[in-house]
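Single-structure report; data block below.
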Amino acid sequence: MTVMTVEQIEHFLDEVFPQRMGRIERVGEMSATMRLTIGNEHLRPGPRVSGPTMMGFADVAMYVAILAQIGPEPMAVTSDLNCHFLRAASGDHDIIAHAKLIKLGRRLAVGEVQIVSTADETKPVIHVTASYVLPDKP
Numbered sequence: 317m318t319v320m321t322v323e324q325i326e327h328f329l330d331e332v333f334p335q336r337m338g339r340i341e342r343v344g345e346m347s348a349t350m351r352l353t354i355g356n357e358h359l360r361p362g363p364r365v366s367g368p369t370m371m372g373f374a375d376v377a378m379y380v381a382i383l384a385q386i387g388p389e390p391m392a393v394t395s396d397l398n399c400h401f402l403r404a405a406s407g408d409h410d411i412i413a414h415a416k417l418i419k420l421g422r423r424l425a426v427g428e429v430q431i432v433s434t435a436d437e438t439k440p441v442i443h444v445t446a447s448y449v450l451p452d453k454p
């Protein structure tokens, strides 16, 4: 069961993480989906979406999936992020991140993110596994 809506998470992120990229399309039980409209700042030569853009976007998607489950927590932080770049993402299309939490414990969240290009949503361009450290609750 989610404890925050898309609108509540967007409002919270506007306050504590305004530099994040992408917009939330939906949150669900242990999951989140986000979309990033690609601009020149996201490109490397090719034009392809840069690796740092996709890694950062995956990290934000994980954070959103966690927030949907635990509520507004600015100090949930990434402790590990591992990326597998599977194919190039064309700079002419949006990218979509599908985040799924595998474990949500008291102190640790573990999940994975698959990013696809809207050019072909059947073929992932990057697969990320990540873990977050969650702060102690009083």
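First residue of the sequence shown: 317, per our numbering; consecutive thereafter.
Using N, Cα and C, we set each Cβ at its ideal position, and we do this for glycine too.
When DSSP states are grouped into helix, strand and coil, Gly407 belongs to the coil group.
Shown here, Asp375 sits in a helix according to DSSP, grouped into three states.
Between Arg336 and Val376, the C-beta spacing is below 7 Å. Leu420 and Pro451 have their alpha carbons spaced roughly 13 Å apart. Sequence-distant Cβ neighbours of Gly372 in its own chain, meaning closer than 7 Å and more than five residues away, are Met337. Gly344 sits exposed, since fewer than 16 C-beta atoms from the chains shown fall within 10 Å of its C-beta.
When secondary structure is reduced to three states using DSSP, Thr321 falls in the coil class, being assigned neither helix nor strand. One Cα belongs to Ile418, the other to Pro440, and the distance between them is close to 19 Å. Counting the other CB atoms within 10 Å of its CB gives Thr318 a total of 16 or more, which places it among the buried residues. The DSSP-derived three-state label of Gln335 is coil.
Cβ-Cβ separation between Ala374 and Ile431: approximately 6 Å, consistent with a contact (criterion under 8 Å).
Out of Arg422, Thr434, Asp408 and Leu402, the CA that lies nearest to the CA of His443 is found in Leu402. Nearest C-alpha to Ser433 among Ala405, Thr369, Gly427 and Thr445: Ala405. Cβ contact annotation for Met320 (same chain, cutoff 8 Å, sequence separation greater than five): Phe328, Val343, Leu383, Ala384, Gly387 and Pro388, in chain order.
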